[in-house]
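Here is the structure we will look at.
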Amino acid sequence: MAKALGGFTLFVSRLSSYSTDQSLKKLFSPFGAVKEARLIRDSVTKKPKGFGFVTFESEIEAQQAVKGMNCRIVDGRLILLKLQNCSPWNRC
Numbered sequence: 001m002a003k004a005l006g007g008f009t010l011f012v013s014r015l016s017s018y019s020t021d022q023s024l025k026k027l028f029s030p031f032g033a034v035k036e037a038r039l040i041r042d043s044v045t046k047k048p049k050g051f052g053f054v055t056f057e058s059e060i061e062a063q064q065a066v067k068g069m070n071c072r073i074v075d076g077r078l079i080l081l082k083l084q085n086c087s088p089w090n091r092c
C-alpha cells in the first residue's frame, strides 16, 4: 500500500463530472479519517478529469474503503479504486 506523507492514498477513477472535492471526502468518510480528497482538474477549463485521490490516516481505513467502494455506482458511474503506486507484481 502506498503511504503518502502522513497517510495512505487511493486512486479513484471513473468519477462523474459532477463530483467535487467535498463530495469525494463525504463519500469516503464512513470508512475512516479522510486527510485529503482531491479531484484532478483540467488546467484550462478547471473541470474535473474524472479521477482523484483520497488519503486516509491508516492503512486499515484505506483497505476498508477499497473493499466497500471499489466497483460501486456513484452518481451513475461505476467507480474503480486502486492503491496508489502499486507495482504490477504485487496484485494491488
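According to full-length UniProt numbering, the sequence shown is numbered sequentially starting from 1.
C-beta: ideal position from N, C-alpha, C; glycine also.
- With three or more CB-CB distances shorter than 8 Å, the stretch 16 to 24 counts as touching the stretch 71 to 78.
- About 7 Å separates the Cβ atoms of Phe-8 and Ser-58, confirming a contact at the 8 Å cut-off.
- Per DSSP, Arg-14 has no beta-bridge partner at all.
- Counting along the chain, the unbroken beta strand (DSSP E) around Gly-50 starts and ends at 48 to 56.
- Bridge pairing for Glu-59: absent [DSSP].
- Taking every protein chain shown into account, the CB of Thr-55 has 16 or more other CB atoms within 10 angstroms, so this residue is buried.
- Only exposed fits Gly-68, as fewer than 16 other CB atoms lie within 10 angstroms of its CB.
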